[in-house]
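Going by our numbering, the sequence shown opens with residue 1, and the numbers climb by one from there. Note that the Cβ used here is the ideal one computed from N, Cα and C, for glycine as well. As structure tokens, the structure follows; a few thoughts come after it.
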Amino acid sequence: MKDLIGRLRSRGSRRAIAAAAALGMSALVLLATRPQHSARVAEGRRPAAPARRPTASAIPAHRTTAQPIALPRCPWLASAMNSGASRQALADLVLQRMTLSEKLGEIVLRPTDRYENSNEGVPRLCIPPLILQDGPAGIAYGATGVTQMPAPIALAATFDPTLAESYGRVLGSEARTKGIDVVQGPDLNLTRVPESGRSFEGFGEDPFLAASIGVAEIRGIQSTGVLAQAKHLVAYQQETDRAGLDAVVSDRTLHEIYLRPFEAAVTQGHVGTIMCAYPELDGVPQCEDPALTATVRAWGFDGLLRTDLGATRDPVAALRAGVDLIKPASVANLAAAVHAGRLPVSVVDHAVRDILVVVFRLHLVGAAPGGNAGVPADNSSHARIALQIAQRSIVLLKNSNGILPLNPLTGGPIALIGTGATSPTTRGGGSSAVRAPFVSTPLDAIRARLAGRRQVLVADGGTGLGPYPVVPATALAPVGGRGHGLTLTLTTIVRGHSGKSILVRSSVVPRPEVRLTATAAHPESKNSLVPFPLGAESVVASLRGNLTPPSTGLYSFSLWCTGSAT
């Protein structure tokens with residue numbers, strides 16, 4: 001068994017809670033320490049009592065320079081940096097020179113040719129873009145030359161914060177090599193039901209364990225000079241209908257269960273960024289909830305708060321609630337909201353100031369780029385850490401008659417049953433889809449261990465987890481009966497500038513192998529053959545037509561999707 005493993009590399013009211021006697025003191029502290037955020041706390045919503053604030057030294061430099069900063073295009077900024085001006089002072093110095101378009105370009109995240117998330121930066125003012133990329137289980141979004149780490153749930157199964165810190169150092173180191181400033185992880189949501197769809201990406205159901213492992217991983221990531229991103233604040237327990245859910249949670253449950261890992265991430269791990277979640281919390285979209293933001297800020301969080309991809313229906317409401325970074329959003333639409341008076345410039349400035357402070361904290365200004373997306377980041381040391389975590393995560397409940405480990409010299413044939421023997425699932429999907437540098441199958445590993453001394457028999461034992469082959473075009477016909485394929489009807493609700501919802505219907509006949517990879521949450525998807533309008537609140541896709549099987553018999557069908565389907 002050990003040898004086999006060795007071959008596998010691999011979140012009513014908020015009620016956000018303070019006693020009345022303590023509220024006055026907490027309000028005074030908030031006003032005294034973070035005046036830029038006080039305007040974004042809605043009246044009547046009470047922030048929690050403040051906890052200790054992160055120290056400036058909690059997040060080390062990303063890129064350092066021993067020599068004085070030289071910025072030929074921005075001597076005013078170089079002079080201020082070399083004189084030791086604070087990050088807040090530097091941020092204000094840049095902010096007062098920015099145009100509205102430049103400010104909004106800092107707030108909006110979009111994919112680039114090389115990275116998953118980037119804002120515009122302000123080259124004119126010597127401000128580079130901020131790069132964020134998925135990484136709960138390794139650097140994802142198609143990155144190559146990275147280590148595919150064991151699933152985070154396996155890390156939690158080690159019950160070892162030291163290993164969790166090592167896990168984080170691998171993520172941070174590889175992110176830095178790739179030129180990434182923020183690792184989008186860890187996932188601190190708790191597993192309340194096994195069918196949640198993302199159990200593998202978090203640390204299980206226990207808030208204490210999730211907090212302990214999460215804090216350690218955050219410390220590991222940030223020890224390398226990049227920032228971690230705790231996600232998804234805060235009640236996010238299932239993938240099905242995730243954008244249409246309303247999580248109804250009592251105050252006690254919220255604070256004792258759901259918020260606990262996030263509070264620890266701030267007060268103990270000094271996490272640099274946080275991502276808010278899709279569902280509503282007690283009827284309020286979590287990314288548009290000023291009380292939730294106030295709760296986090298009251299803990300002492302002074303980093304960046306961003307939306308998950310498509311997790312806000314109204315970017316203006318999210319910004320007014322205290323969010324700093326939004327994806328997707330339109331600079332033009334946000335500018336129109338400013339000119340219409342729906343989005344105060346002061347709110348924009350708060351967000352941009354937060355972003356600039358982080359840029360200066362990471363020493364991104366005036367330093368050479370710290371990495372490149374095309375540079376391999378994995379190495380044998382990282383592989384050994386991944387292997388150690390995988391080994392320590394395994395719990396053998398029973399070993400009848402000492403059958404394990406297998407003796408390569410004695411015994412009869414060995415049967416491997418299941419598609420995982422030859423096509424193992426080595427990772428989860430979505431934000432944890434990390435490209436493995438190689439995959440060693442159980443069959444290959446066992447055969448190598450036995451060296452031909454025992455026979456190994458293999459049977460699929462089922463159909464596996466993947467989709468069936470694509471239905472051939474010749475077997476499909478649209479509603480009209482002409483040509484090949486199915487009739488796709490999209491019913492799309494788009495929120496206009498006036499806030500009214502517009503119903504849009506369209507019908508096309510896609511190729512039978514069309515992948516509906518663009519959704520309301522993913523309008524910018526590069527792989528989609530059917531683009532959805534930006535700002536879509538929801539999309540219902542209906543495929544209709546006729547299937548003519550090649551012969552009479554029993555057939556099985558598969559439907560592969562993210563979200564809900566019938």
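Residue i in three-state terms, based on DSSP
| i | result |
| --- | --- |
| glutamine 229 | strand |
| valine 540 | strand |
| glutamate 205 | coil |
| proline 550 | coil |
| valine 458 | strand |
| aspartate 246 | strand |
| glycine 430 | helix |
| glutamine 238 | coil |
| leucine 404 | coil |
| phenylalanine 360 | helix |
| proline 123 | helix |
| lysine 398 | coil |
| serine 346 | helix |
| leucine 90 | helix |
| proline 437 | coil |
| glutamine 67 | coil |
| proline 424 | coil |
| arginine 353 | helix |
| histidine 255 | helix |
| proline 315 | helix |
| arginine 219 | helix |
Close Cβ partners of residue i (< 7 Å) along its chain, the five nearest in sequence each way excluded
| i | result |
| --- | --- |
| serine 498 | With a pLDDT of 46 at serine 498, under the threshold of 50, the predicted position of this residue should be treated as unreliable, though the coordinate-derived value follows. So the list is empty, once near-sequence residues are dropped. |
| aspartate 354 | Leu304 and Asp324 |
| threonine 147 | Gly138, Val170, Glu174, Asp378, His382, Ala383 and Ala386 |
| isoleucine 213 | Leu155, Ala156, Pro161, Ala164 and Phe203 |
| valine 248 | Asp282 |
| leucine 71 | Leu77, Ala78, Cys126 and Gly366 |
| arginine 114 | Ala373 |
| glycine 142 | Arg435 |
| proline 344 | none |
| valine 357 | Arg87, Gln88 and Ala91 |
| proline 369 | Gly179 |
| valine 226 | His62, Gly172, Ala175, Arg176, Ile180, Asp181, Val182 and Val183 |
Own chain partners of residue i with C-beta closer than 6 Å, once the 5 adjacent residues on each side are dropped
| i | result |
| --- | --- |
| lysine 231 | Asp187 and Met275 |
| alanine 415 | Leu457 |
| alanine 211 | Arg260, Pro261 and Ala264 |
| phenylalanine 557 | none |
| glycine 168 | Glu217, Gly220 and Ile221 |
| alanine 329 | Val108 and Pro315 |
| arginine 447 | Val456 |
Where the alpha helix (DSSP H) through residue i begins and ends
| i | result |
| --- | --- |
| leucine 130 | No alpha helix (DSSP H) holds leucine 130; DSSP gives it neither H nor E. |
| valine 338 | 331 to 339 |
| isoleucine 274 | Isoleucine 274 -> not in any alpha helix (DSSP H); beta strand (DSSP E) instead, spanning 273 to 276. |
| isoleucine 385 | 380 to 393 |
| glutamate 263 | 260 to 267 |
| asparagine 82 | 75 to 82 |
| proline 469 | First-last for proline 469: undefined, no H or E at that position. |
| threonine 293 | 290 to 298 |
Endpoints, the beta strand (DSSP E) within which residue i is located
| i | result |
| --- | --- |
| arginine 306 | 304 to 307 |
| methionine 98 | Taken as a continuous stretch (DSSP letters only), methionine 98 belongs to no beta strand (DSSP E), as it is neither H nor E. |
| alanine 445 | No beta strand (DSSP E) holds alanine 445; the alpha helix (DSSP H) holding it covers 442 to 450. |
| isoleucine 417 | 414 to 417 |
According to DSSP, residues forming a beta bridge with residue i
| i | result |
| --- | --- |
| arginine 110 | Ser118 |
| leucine 476 | Leu547 |
| leucine 325 | Arg306 |
| glycine 138 | Pro136 |
| valine 284 | Leu281 |
Beta-carbon contacts of residue i that lie in its chain and below 8 Å, excluding the five residues immediately before and after
| i | result |
| --- | --- |
| glycine 462 | Gly418 and Thr419 |
| valine 509 | Any reading at valine 509 needs caution, since the residue's pLDDT is 49, under 50, leaving its predicted position unreliable; the model's value is listed next. The residues are Pro478, Gly483, Gly485, Leu486, Thr487 and Leu488. |
| proline 550 | Ala475 |
Minimum Cβ-Cβ distance from residue i to chain C less than 9 Å
| i | result |
| --- | --- |
| arginine 97 | Looking for chain C here will not work: only one protein chain is present. |
Whole alpha helix (DSSP H) runs in the region 142 to 211 with 4 or more residues, listed along the chain?
-> Qualifying alpha helix (DSSP H) stretches, in chain order: 152 to 157 and 161 to 177.
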